[in-house]
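Contents: one structure, followed by commentary.
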Amino acid sequence: PLQVPGREVAAPTVPIPQVDIVPGRLSESEWISLVSTEEGEDGVGDILAWMLDQVLEECYKVYLARQCIPFTISQARDAILQIAEWRFLARDEGEATVEEDATWQEEEEPVACVTDSWAQGSVPVI
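The opening position of the sequence shown corresponds to residue 1286 in the numbering used here, with each subsequent residue numbered one higher.
Right under this line is the structure:
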């Protein structure tokens, strides 16, 4: 209210226009409230994601530590077996019945092909 000597005068009230984000459903003040709440949730989400990354990283380190000895033993075992196999090579006895096996017999000579018309005189026909 304005002060005038002897009497009090009320200031003219001008209504502040309400801006609707969604007309009839969501005002600007409600929108600002929702955005501020969402920003808080984003902060919590970031913290939660960071914590989850830390936990998973530690779990992976524990997993690698547990797998180190079994993996080393497995690799050493494979290396020892490979060296032993190289040292004691088994003799190949071959096939006993090569003369009777048709897959080991000599094949017939292929028939000579006719010279192509594009390569006349290039390949002699015998």
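Heads up, the beta-carbon is just placed ideally off N, CA and C, and yes, glycines get one too.
These numbers come from a predicted model, not from an experiment.
Cα separation between W1389 and V1383? C-alpha separation (whole angstroms): 6 Å.
Any idea what DSSP makes of V1307, helix, strand or coil? It is a strand residue.
Contact check, S1312 vs V1320, beta carbons under 9 Å: The answer is no: Cβ separation not under 9 Å.
Compute every distance between the C-beta of P1355 and the non-hydrogen atoms of the ligand ZN, then say whether any falls below 8 Å. Only the bare structure without any ligand can be found here, which leaves the ligand ZN out of the picture.
Would you check if the distance between the CB atom of E1380 and the CB atom of D1386 is smaller than 9 Å? Result yes, Cβ atoms of E1380 and D1386 sit closer than 9 Å.
Straight-line CA distance for S1314 to A1334? In a straight line, the C-alpha of S1314 is about 30 Å away from that of A1334.
Which residues bound the alpha helix (DSSP H) around E1342? Looking at the DSSP string, the run of the alpha helix (DSSP H) that includes E1342 is 1313-1372.
C-alpha distance - V1347 paired with D1338, whole-angstrom precision: Each residue's alpha carbon lies about 14 Å from the other.
DSSP three-state call for T1388: helix, strand or coil? T1388: helix per DSSP, three-state reduction.
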